[in-house]
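For the sequence shown, my numbering gives the first residue as -17, with consecutive numbering after it.
Think of the CB as a built atom: it goes at the ideal place given N, C-alpha and C, for glycine as much as any other residue.
Fair warning: this is a prediction, and the values are worked out from it, not measured in the lab.
Here is the structure we will look at, set down as structure tokens.
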Amino acid sequence: SCLDPQVLSAFCCCWRCCFAQVCPYSFPLQTFASIFSMVHALVRWSARAAALRGAADAGVKGRASSPSICAVASARDAKNGTRSARHGQTRDLKLGLNSRRTLSRVAPGRRAFGIGGRTFAAMNVRPVEPIVSVGWLAERLDDSRVKVLDATWYLPNKEGSGKADFKRCRIPGARYFDIDSIADKASPLPHMLPPEESFAAAMDELKIERSDTVIIYETNGIAFAAARAWWMLRSYGHPHVAVLNGGMPAWEGGRYPLDVSQAEDEQLEAAGNACIQAQNQAPGSNLPKPQYPAQLNRGMVVSKQDILDAMSDPKLRIMDARGVARFSGSEPEIRAGVRSGHIPGSTCVPYASLLADGKALKGDDELRSIFGENISGKAAEKWVATCGSGVTACVIALACAKLGRDVSVYDGSWTEWGGDAKCPVASSG
């Protein structure tokens, strides 16, 4: 309190009264008091700034050490030194990946703002490409504008369960997107696009808003349903959605944090159940209207009839994502009652040929050599991707989007075409 400006001023006045007569040439005491008051004010301001900085740092550390994330894994690894069973690497469970701050320089694509005299960098959460790296996501993982979806799915002839993989471990904050449940249940075909209102109900349950940036990954890398979920969101008009290049293998390989806490079945099935419930509701029911504004972009999807009508059009280019053996007809189809072969006039572009190490998309030059140099042009051709049931065709759509070209997906794909005796079939095996 001895440095309080008011006390200091009173002391100076007394000092002046006592000693002004003795030393008429002494330094003006009121000026001295004013200067001292200014210095004291600066000290108090600095103390407040330090307090604000401390609070900001504490907030960052508090978010980074949330006990709800990886708590089980932290205790387990600290005690047993557990290593990743699948990749043979010790799990890196240290959080705080999003605590990077710029004090004097702001990186390109970031917006500066100040707290307590310091300048921070607000990261741009809008992906510039349809795929993002694990580093890109790690830097933005605790941003409320970024939502993460796990869309892991396995082909019918493969052993595995997407839900089991999600229960085992997941990227912190991720929710499960089930392409088999978020689908048209009135269709005899598997995982077809659901009605708009049903898709909107699923998005509401996943806590996704139109303004959010959605990043989708899967255990298998990028090979299957991550691309399908990406295409579904784009088809319903979501403007900011991307696939995590390399998926979970790349995330674990980068030693980024994992959530291995218990995931309840109800949590995994919530979005799919909401979609199904919306389709099963009776007219005039009291179910609330979904908030997500789903609106199907008809240019993103084609039907069997669309292809039949355009088969004689030289501008139609159909790319089949199945392997060469299934395309040629030398290998039987996975589903019973479906003929072997391919749509006449289509070309074989196996989805595996678009991937590096089977998990991440190849570079632009390699992709361009597969699709041809006119991939980025404004050619009038109508490009359509197809596959077995509309899943791996979306890998073709994703790769083409990376090169700047939109490709429609035949949703029913070969399951519908090969199962309809009225549709023409070509084979070369």
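{"Asked": "Apart from the five residues on each side of it in sequence, which residues of its chain come closer than 6 Å, Cβ to Cβ, to ASP74?", "Found": "Residue placement at ASP74 is poorly supported in this model, since its pLDDT is 38, which falls under 50; the coordinates still yield a value, given next. If we look at ASP74 and ignore the five residues flanking it on each side, its Cβ neighbours are ARG237."}
{"Asked": "Would you kindly check if the distance between the Cβ of ARG108 and the Cβ of HIS220 is under 8 Å?", "Found": "no"}
{"Asked": "What are the boundary residues of the beta strand (DSSP E) that VAL225 is part of?", "Found": "223 to 226"}
{"Asked": "Counting Cβ pairs closer than 8 Å, one from the stretch 133 to 146 and one from the stretch 158 to 173, do we hit at least three?", "Found": "yes"}
{"Asked": "So, do the stretch 148 to 155 and the stretch 252 to 266 have three or more beta carbon pairs nearer to each other than 8 Å?", "Found": "no"}
{"Asked": "Where are the alpha helix (DSSP H) runs, 4 residues long or more, that stay fully inside the stretch 155 to 205, in chain order?", "Found": "178 to 187"}
{"Asked": "Which two residues bound the contiguous alpha helix (DSSP H) that contains ILE153?", "Found": "Run containing ILE153: none; DSSP gives neither H nor E here."}
{"Asked": "Return the CA-CA distance between LYS412 and GLU363, expressed in angstroms with no decimal places.", "Found": "The structure shown does not extend to residue 412, since the chain is modelled only from -17 to 411, so the question has no answer here."}
{"Asked": "Going along the chain, which residues of its own chain have a beta-carbon closer than 8 Å to the beta-carbon of SER335, five neighbours each way excluded?", "Found": "ILE352"}
{"Asked": "Name, in chain order, the residues that DSSP records as bridge partners for ALA292.", "Found": "Paired residue(s): none; ALA292 is not in a bridge."}
{"Asked": "Taking 8 Å as the cut-off, decide whether the C-beta atoms of TYR274 and ARG192 are in contact.", "Found": "yes"}
{"Asked": "Count the other CB atoms within 10 Å of the CB of THR195; is the residue buried (16 or more) or exposed (fewer)?", "Found": "buried"}
{"Asked": "What's the gap between the Cα of LEU349 and the Cα of CYS382?", "Found": "8 Å"}
{"Asked": "By the three-class DSSP mapping on this structure, what secondary structure does MET301 have?", "Found": "strand"}
{"Asked": "By alpha-carbon positions, which one of CYS405, ALA408, VAL389 ends up nearest to SER217?", "Found": "VAL389"}
{"Asked": "Going by C-alpha to C-alpha distance, which of PRO112, ASP166, ILE300 sits closest to ALA445?", "Found": "An answer regarding residue 445 cannot be provided, because it is not within the stretch -17 to 411 covered by the chain."}
{"Asked": "Which value, in whole angstroms, describes the spacing of the CA atoms of SER395 and ASP247?", "Found": "31 Å"}
{"Asked": "Using a 10 Å radius around the Cβ and a threshold of 16 neighbouring Cβ atoms, would you call LYS404 buried or exposed?", "Found": "exposed"}
{"Asked": "According to DSSP, is LEU380 part of a helix, a strand, or is it coil?", "Found": "helix"}
{"Asked": "Closest to ILE198 by C-alpha separation, out of LEU123, VAL391, GLU179, would be which residue?", "Found": "LEU123"}
{"Asked": "Looking at the structure shown, is TYR333 part of a helix, part of a strand, or coil, going by DSSP?", "Found": "helix"}
{"Asked": "I need the straight-line Cα distance from GLY323 to ASP347, nearest angstrom please.", "Found": "30 Å"}
{"Asked": "Using C-beta distances below 6 Å, list every residue in its chain close to ASP302, excluding the 5 sequence neighbours before and after it, in chain order.", "Found": "PHE309, HIS324, SER328, CYS330, THR368"}
{"Asked": "Considering only the beta carbon of each residue, do GLU178 and LEU269 sit closer than 8 Å?", "Found": "no"}
{"Asked": "Return the CA-CA distance between ALA165 and SER410, expressed in angstroms with no decimal places.", "Found": "33 Å"}
{"Asked": "Starting from SER390, trace the beta strand (DSSP E) both ways and give me its first and last residue.", "Found": "390 to 392"}
{"Asked": "With a 10 Å radius around its C-beta and 16 neighbouring C-beta atoms as the bar for buried, classify SER180 as buried or exposed.", "Found": "buried"}
{"Asked": "Report all residues from its chain with a CB closer than 6 Å to the CB of THR201; omit the five preceding and five following residues, and keep chain order.", "Found": "THR134, ASP147, MET230"}
{"Asked": "Compute the Euclidean distance between the alpha carbons of GLU315 and ASN106, then round it to the nearest angstrom.", "Found": "45 Å"}
{"Asked": "Using a Cβ-Cβ cutoff of less than 7 Å, which residues in the same chain neighbour SER115 once the five nearest sequence positions on both sides are dropped?", "Found": "ASN227"}
{"Asked": "Using the Cβ count rule (16 or more neighbours within 10 Å means buried), how would you classify PHE9?", "Found": "Because PHE9 carries a pLDDT of 42, less than 50, the predicted location of this residue cannot be relied on, and no value is offered for it."}
{"Asked": "Measure the Cβ-Cβ separation of ASP393 and GLY370 and say whether it is below 8 Å.", "Found": "no"}
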